[in-house]
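Right, one structure below, let's go through it.
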Amino acid sequence: MSVVIEVPPSQPETVVKPEGNPAGADTLAEGLYTAAGRYEEFSDETAQIQWIGGWYGDAADAYREATTEAGGEHASMATTVQRVARAVTAYADTLRDLLRTYEEQVDRKEALDGRRTALIADINATAEATPEVVAALRERATELRGDYAELVTDHDDLQRRVREAETLLRQAFEAATSLDEALSADGGVPQSAQNAMDKPGAPGSGATPEQVRDWWDGLTEAEREAVVTAYPERIGAADGLPAAVRDDANRVVLDDDLATLGSKAEDGTISPAEERVLANAEQARQALEDADAFEDPITGERPGGLLHLYDPGAFDGDGRVAIGVGDLDTADDVAVFTPGITTTMGDTTSYTGQMINLYESTRYNGDGSSVATLFWLGYDAPDAFYDPATATEGRAEDGGRRLADMVDGLRASRPDDPAHLTAIGHSYGSTTTSYAAGDFDLAADDVVLIGSPGAGPAGNAGDFSVGADNVYVGRDSRDIVAVLGDEGWIGKGGLGLGTDPSSDDFGATRFEAEDVDRGPIRNWDDAHGSYLHHDSESLYNIGLIVDGHGDQVNVAEHSYDPWYDVARDPEWDRDPSSDVPGESQTRDRRMVP
206 MSVVIEVPPS QPETVVKPEG NPAGADTLAE GLYTAAGRYE EFSDETAQIQ
256 WIGGWYGDAA DAYREATTEA GGEHASMATT VQRVARAVTA YADTLRDLLR
306 TYEEQVDRKE ALDGRRTALI ADINATAEAT PEVVAALRER ATELRGDYAE
356 LVTDHDDLQR RVREAETLLR QAFEAATSLD EALSADGGVP QSAQNAMDKP
406 GAPGSGATPE QVRDWWDGLT EAEREAVVTA YPERIGAADG LPAAVRDDAN
456 RVVLDDDLAT LGSKAEDGTI SPAEERVLAN AEQARQALED ADAFEDPITG
506 ERPGGLLHLY DPGAFDGDGR VAIGVGDLDT ADDVAVFTPG ITTTMGDTTS
556 YTGQMINLYE STRYNGDGSS VATLFWLGYD APDAFYDPAT ATEGRAEDGG
606 RRLADMVDGL RASRPDDPAH LTAIGHSYGS TTTSYAAGDF DLAADDVVLI
656 GSPGAGPAGN AGDFSVGADN VYVGRDSRDI VAVLGDEGWI GKGGLGLGTD
706 PSSDDFGATR FEAEDVDRGP IRNWDDAHGS YLHHDSESLY NIGLIVDGHG
756 DQVNVAEHSY DPWYDVARDP EWDRDPSSDV PGESQTRDRR MVP
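Sequential numbering from 206 applies to the sequence shown in my numbering.
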């Protein structure tokens, strides 16, 4: 009796490659950004030449009216050309994703066709088929049919995304083809993007992170592409959106700044304020290149960087920025690091290197969980030690509120897959983190304070939202900043910013954080700034906490202040260990100064 086994046909007949060249689109975008810069330069120039000394009368009035109108029109054209350039930049990024998907589907079809060929060969080689053999062959055919059907569905989805991306780009070009549209206030934003931003929960409407997440979930894929392209600043700063979405939007704005301000710098028309924004943008670009090039020490794969926050002109040019290493949307363990005084966007590359160090330490000494680390400069850190803001807690309180809001956004963006989240604050940033955990219900699992001048509003670790058992402190005994906080029954007369969190009275878990290179007197800056350096006790212990194993840290004795003498630190006389498990393996990847 003959047995029929239906072998599915190879599907789809051809995997269709998306047309276009991302590099060519990038080149076009750069040209458009340069053109936008030229329009902006003309507008700036008209503002400077409107008034000519000693010239009055009707002709002078007509001249000023004409230059004012021309300047306004050129400013509007700059906005329009900039919008189109951003659309082209976003299209180039989308096209790269589409081409990667295409390559994956080509590989899948090749593998399926190989299985199909092998199945046919096995069927033809079976002369006397037992029921068990027939059943096995039919099961293979059924699985193959299902896998082909899934590939066909995914291929159809790819082609749909290609059409939507091309349609969105076409709409961007067509939205301002008339002069009236080109000179409009919004530069001819496509109607689909405007409609999406008018829906409840849109960023900028005062919505909560949860409402913003629901708004995003309710958009079609085409609407999502449209709002990222048309409103990248709002999307890039929206708490509650996936980190990957914010990264896409912020990179569009970054590319814009680099190209537009770069062209003005070449022309010699860039202002001092714009020069600082451009320098901040270049720092963000370099930091992202470092993060994107970084390889996971265990898998060798590149987890990638994320531009989670980008506002290079904020705080009088100090800037706001957040750079991530790893996937904030999926990582099992997430660390958010808040820096202290003197930190500006000019330090972004250095701190991103420290986030790479922390990522490595967590992976080397952890349990295999996936990791993401985030350098967060979302508040206005005091400018210097002599800055009056350094001696007060106002900036820390404002920063604590901002930090808590940002973490709420991270939580809202992945409600069904919460990460183990550790908030780390260094120096004045530790006071900022203390305000977030003490006054603003920081939604973290663990809090780590390093080099802390004081815990702000918290009298003891139990005042933190995470609970006393989840508060950890690292203090190098030679760090003079970390001895400023009050402890004991006398205190230090208000030198610091609250209670010393390493003190016995505070009740946190103190971990070993000494440096093997210390001497009786160590350069205070080295002691204060080395907590995330390779081969350090501090980095090893913080990595354990980030991985969710704070119970395994090397515990240090608390400092204390006896009533009869000055404050004492038992760590001063302990010999620090250079044999830190796992850390020596990362020396070749060292990225900190």
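We put the beta carbon where it would ideally sit given N, CA and C, even for glycine.
Tyr268 sits in a helix when the DSSP states are folded into three classes. Out of Ala732, Asp532, Asp538, the CA that lies nearest to the CA of His631 is found in Ala732. Going by C-alpha positions, Ala267 is about 26 Å away from Thr284. Of the residues assessed, Val758 falls on the buried side of the cut-off, its CB having 16 or more other CB atoms within 10 angstroms.
Judged by DSSP in its simplified three-state form, Ile254 adopts coil rather than helix or strand.
Taking His738 as reference, the option from Glu776, Pro544, Ile561, Gly604 with the minimal CA-CA separation is Ile561.
Per DSSP, the beta-bridge partners of Tyr677 are Val653, Thr714. Boundaries around Gly510 are those of the beta strand (DSSP E), 510-516, since no alpha helix (DSSP H) includes it. The bridge partners DSSP lists for Ala454 come to none.
Classified as buried, Lys314 has 16 or more neighbouring CB atoms from the shown chains inside 10 Å of its CB.
The alpha-carbon of Phe247 is positioned some 13 Å away from that of Ser468.
Closest by C-alpha distance to Gly748, out of Asp538, Val209, Asp552, is Asp538.
The beta carbon of Asp422 sits closer than 7 Å to no other beta carbon from its chain once the five residues preceding and following it are set aside. Rounded to whole angstroms, the gap between the alpha carbons of Met611 and Asp444 is 6 Å. In this model, Gln310 and Leu459 are separated by some 31 Å (Cα to Cα).
In the three-state reduction of the DSSP assignment, Ser735 falls in the coil class, being assigned neither a helical nor a strand state. With respect to Gln488, Thr547 sits apart: the two C-beta atoms are not nearer than 8 Å.
For Gly529, the secondary structure class from DSSP, reduced to helix, strand or coil, is strand. It is roughly 7 Å from the alpha-carbon of Gly583 to the alpha-carbon of Leu608.
Unbroken alpha helix (DSSP H) stretches of 4 residues or longer found wholly inside the segment 571-643: 599-618, given in chain order. Residue range 538-543 is occupied by the beta strand (DSSP E) that includes Phe542. Residue nearest to Ala673 within the set Pro658, Val771, Arg715 is Arg715 (criterion: CA-CA distance).
When rounded, the separation of the alpha-carbon atoms in Asp472 and Ala354 is 56 Å.
Within the same chain, Val433, Pro437, Ile440, Gly441 come within 6 Å of Ala454 by CB-CB distance, once the 5 residues on both sides are set aside. Thr638 and Thr425 have their C-alpha atoms spaced approximately 37 Å apart. Going by DSSP, Trp420 is part of the alpha helix (DSSP H) stretching over 414-422.
In this structure, Trp420 and Ala412 form a Cβ contact; the two beta carbons are roughly 7 Å apart against a cut-off of 8 Å. Nearest neighbour of Pro227 by Cα position, chosen from Arg288, Ala292, Ala240, turns out to be Ala292. In the pairwise beta carbon analysis, the segment 520-538 is classified as not touching the segment 700-709: fewer than three pairs are separated by under 8 Å. Of the other Cβ atoms in all chains shown, fewer than 16 fall within 10 Å of the Cβ of Asn329; this residue is therefore exposed. The DSSP-derived three-state label of Arg568 is helix. Judged by DSSP in its simplified three-state form, Thr704 adopts strand. The C-alpha of Val652 is placed about 18 Å away from the C-alpha of Gly614.
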